[in-house]
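Notes follow the structure.
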Amino acid sequence: MDAWVRFSAQSQARERLCRAAQYACSLLGHALQRHGASPELQKQFRQLEGHLSLGRKLLRLGNSADALESAKRAVHLSDVVLRFCITVSHLNRALYFACDNVLWAGKSGLAPRVDQEKWAQRSFRYYLFSLIMNLSRDAYEIRLLMEQESSACSRRLKGSGGVVPGGIETGGLGGPGTPGGGLPQLALKLRLQVLLLARVLRGHPPLLLDVVRNACDLFIPLDKLGLWRCGPGIVGLCGLVSSILSILTLIYPWLRLKP
Numbered sequence: 001m002d003a004w005v006r007f008s009a010q011s012q013a014r015e016r017l018c019r020a021a022q023y024a025c026s027l028l029g030h031a032l033q034r035h036g037a038s039p040e041l042q043k044q045f046r047q048l049e050g051h052l053s054l055g056r057k058l059l060r061l062g063n064s065a066d067a068l069e070s071a072k073r074a075v076h077l078s079d080v081v082l083r084f085c086i087t088v089s090h091l092n093r094a095l096y097f098a099c100d101n102v103l104w105a106g107k108s109g110l111a112p113r114v115d116q117e118k119w120a121q122r123s124f125r126y127y128l129f130s131l132i133m134n135l136s137r138d139a140y141e142i143r144l145l146m147e148q149e150s151s152a153c154s155r156r157l158k159g160s161g162g163v164v165p166g167g168i169e170t171g172g173l174g175g176p177g178t179p180g181g182g183l184p185q186l187a188l189k190l191r192l193q194v195l196l197l198a199r200v201l202r203g204h205p206p207l208l209l210d211v212v213r214n215a216c217d218l219f220i221p222l223d224k225l226g227l228w229r230c231g232p233g234i235v236g237l238c239g240l241v242s243s244i245l246s247i248l249t250l251i252y253p254w255l256r257l258k259p
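Counting from 1, position 192 in the sequence shown corresponds to residue 192 in the working numbering; the numbering is continuous, with no gaps.
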């Protein structure tokens with residue numbers, strides 16, 4: 001209960017709840033359309049989705065300043081790759097939120113002459129660049145953790161006779177000069193890499209959640225920009241899943257990827 005009280009007191013949490021409700025409406029609207037629901041019911045869901053989207057934009061006023069502050073903090077990271085990925089991601093988020101604020105002004109009637117289509121395209125482009133940087137950062141952290149885990153496994157295997165996870169003997173495979181030895185070696189290396197990746201992700205839940213959330217979010221700008229048409233059903237499902245994962249990181253801060 002205490003975690004929920006802290007969660008509901010955050011403006012960011014209310015925005016995430018609105019986001020989850022918006023994409024749930026999108027998913028339900030698509031399902032109703034496929035099952036032949038009445039046009040009036042479909043229209044109501046589209047209107048509700050639009051109201052939730054406008055409400056989210058209102059809650060995100062001022063988020064550009066927060067993103068810029070996060071970028072200023074990321075500049076001081078010691079790791080060059082993390083510094084670049086996180087800083088560029090936050091700068092793109094700041095521009096994304098700025099475009100979002102312009103869209104809110106246009107949709108609310110404060111700036112009726114705003115070209116909403118043009119600003120929406122700009123907004124989704126910055127959103128896409130931010131997600132690409134986030135996924136690049138995730139891939140980099142996965143690679144570092146896999147190298148660390150591989151080194152630790154190698155040290156443990158020195159005294160175990162070459163037995164690798166799964167009961168496979170490393171000494172039993174033919175070398176490069178052995179007939180038919182190349183393909184089994186390649187298959188073994190691939191299997192070990194998959195096992196290593198699974199172990200790393202299982203041992204680091206914040207990284208796993210961040211990868212899944214960013215991967216789900218990636219479908220949204222790809223669809224909106226016309227780079228990969230997924231359809232409203234996929235967009236709604238991916239948006240709902242990423243929203244739920246974001247809510248979990250707010251309720252349980254230890255699930256948030258740092259820095």
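Every residue, glycine too, gets a C-beta built ideally from N, C-alpha and C.
This structure is a prediction, so every number in the text was calculated from the model and none was measured.
Alpha-carbon to alpha-carbon, residue j and residue i
i: residue 13; j: residue 247; result: 7 Å
i: residue 129; j: residue 158; result: 44 Å
i: residue 257; j: residue 207; result: 6 Å
i: residue 38; j: residue 116; result: 29 Å
i: residue 120; j: residue 138; result: 27 Å
i: residue 113; j: residue 102; result: 11 Å
i: residue 200; j: residue 212; result: 14 Å
i: residue 44; j: residue 118; result: 26 Å
i: residue 227; j: residue 122; result: 14 Å
i: residue 92; j: residue 100; result: 12 Å
i: residue 155; j: residue 188; result: 19 Å
i: residue 198; j: residue 98; result: 38 Å
i: residue 111; j: residue 15; result: 23 Å
i: residue 153; j: residue 55; result: 51 Å
i: residue 78; j: residue 250; result: 26 Å
i: residue 36; j: residue 186; result: 51 Å
i: residue 88; j: residue 34; result: 40 Å
7 Å Cβ shell around residue i - same chain, five flanking residues per side excluded
i: residue 284; result: What is shown of the chain runs 1 to 259, which leaves residue 284 out entirely.
i: residue 20; result: 240, 243, 244, 247
i: residue 204; result: 145
i: residue 70; result: 90
i: residue 219; result: 230, 234, 235, 238
i: residue 214; result: 131, 134, 135, 138
Neighbourhood of residue i by C-beta, 6 Å cutoff - its chain only, sequence neighbours within 5 removed
i: residue 177; result: In this prediction, residue 177 has a pLDDT of 47, which is less than 50 and means its spatial position is unreliable; nothing more can be read from the coordinates.
i: residue 94; result: 64, 67, 68
i: residue 221; result: 124, 127, 128
i: residue 225; result: 124
i: residue 190; result: none
Of the residues the options, the one placed nearest residue i, counting alpha carbons only
i: residue 136; options: 32, 255, 80, 151; result: 80
i: residue 252; options: 227, 209, 57; result: 209
i: residue 132; options: 86, 58, 44; result: 86
i: residue 272; options: 186, 47, 143, 113; result: Nothing about residue 272 can be reported from this structure: the residues present for the chain run from 1 to 259 only.
i: residue 61; options: 39, 38, 96; result: 96
i: residue 57; options: 140, 202, 113, 17; result: 17
i: residue 46; options: 36, 26, 188, 35; result: 26
i: residue 217; options: 134, 182, 250, 202; result: 134
i: residue 202; options: 214, 155, 188, 255; result: 255
i: residue 59; options: 11, 34, 35; result: 11
Residues near residue i in its chain [Cβ-Cβ closer than 8 Å; skip 5 each side]
i: residue 223; result: 229, 230, 231, 234, 235
i: residue 41; result: 32
i: residue 179; result: Residue placement at residue 179 is flagged as unreliable, the pLDDT there being 48, under the threshold of 50; a coordinate-derived value is accordingly withheld.
i: residue 140; result: 81, 82, 85
i: residue 29; result: 42, 45, 46, 49, 232, 236
Residue-chain proximity (residue i, chain C), Cβ-Cβ < 8 Å
i: residue 39; result: The displayed structure is made up of one protein chain only, and chain C is not part of it.
ask   = In the region 177 to 251, which residue ranges form an unbroken beta strand (DSSP E) of at least 3 residues, counting only runs that do not cross its ends?
value = none
query = Taking one C-beta from the region 141 to 159 and one from the region 101 to 113 each time, how about it: are there three or more such pairs within less than 8 Å?
reply = no
task = Would you check if the region 48 to 57 and the region 69 to 76 touch, i.e. whether three or more CB-CB distances between them fall below 8 Å?
result = In short, these stretches do not touch, since the Cβ pair count stays below three.
request  = Just list the alpha helix (DSSP H) runs in the region 80 to 132, keeping only unbroken ones of 4 residues or longer that don't cross its boundaries, in chain order.
outcome  = 80 to 108
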